[in-house]
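UniProt numbering puts the sequence shown at residues 1 to 156.
Note that CB positions come from ideal geometry on N, CA and C, so glycine has one too.
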Amino acid sequence: LSSSMMTSCVTSNGNAKKSSTKAPRKRAKKNLSEKKMDDATTKNVNEAFTPSVLNNQITAMRRLVKSAKQKLIQKMNHQIKKMQIITEKNQSEKMKKQMEKLKQDIVAMQIIDKDDVSKFALVNKDSLEKLLNKPNLSSSERALSNWRRLLLLMQM
1 LSSSMMTSCV TSNGNAKKSS TKAPRKRAKK NLSEKKMDDA TTKNVNEAFT PSVLNNQITA
61 MRRLVKSAKQ KLIQKMNHQI KKMQIITEKN QSEKMKKQME KLKQDIVAMQ IIDKDDVSKF
121 ALVNKDSLEK LLNKPNLSSS ERALSNWRRL LLLMQM
């Protein structure tokens, strides 16, 4: 072994202590949100997603989807509480309708499977504005769209 490979450490009493000769290992990423998506998501859907590739992408996104769900529900509950304070002061029908929509979105998010969210995020490449501007959008579709938007933001 060459002396350049070995590292040493000086102890409190002044003696040099030899340490490991192995090269330091790179730490694996613990947080899956740090893991970037494959280039397969940018290709044409038909040629990019074989069943095994799609399954790998979905399983890689599970932790990210779960944390996005928690953040969105927390944000929506916060918005509802703010709206309740405002509606106590002035009886606004518009605010009440918005509160009902948010409550429906929260219920829909609790029902939707996290793998379905991953599939929706991988397949739908439309912008959030296009998805949300559709008339008669159901609460589950609104929840999926918002979830997808947050997933994309968390992956960056």
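- Take the alpha-carbon of H78 and the one of I85: they are about 11 angstroms apart.
- Ranking S140, N146, S118 and K130 by CA distance to the CA of V53 puts S118 first.
- Sorting N133, Q110 and L151 by C-alpha distance to the C-alpha of L122 places L151 at the top.
- Proximity to I112 across Q91, M61, L64 and E141 peaks at E141, based on C-alpha coordinates.
- Between S139 and A108, the CB-CB gap stays under 9 angstroms.
- Nearest in C-alpha terms to N146, of all of Q70, K82 and T59, is Q70.
- K134 sits in coil when the DSSP states are folded into three classes, being neither helix nor strand.
- Within the region 107-132, the runs of alpha helix (DSSP H) that reach at least 4 residues and sit entirely inside it are, in chain order, 114-123 and 128-132.
- Residue L128 holds the alpha-carbon nearest to the alpha-carbon of L144 among M154, E93 and L128.
- Burial is judged here by how many other beta carbons sit within 10 angstroms of a residue's own beta carbon; D105 has at least 16 and is buried.
- A Cβ-Cβ contact shorter than 9 angstroms links I73 with Q110.
- Assignment of N90 by DSSP, reduced to helix, strand and coil, places it in the coil class.
- The Cβ atoms of I58 and D126 do not sit closer than 9 angstroms to each other.
- Between I80 and K94, the gap from beta carbon to beta carbon reaches 9 angstroms or more.
- If you draw a straight line from the Cα of L131 to the Cα of N55, it comes to about 25 angstroms.
- Collapsing the DSSP output to three states places T50 in coil.
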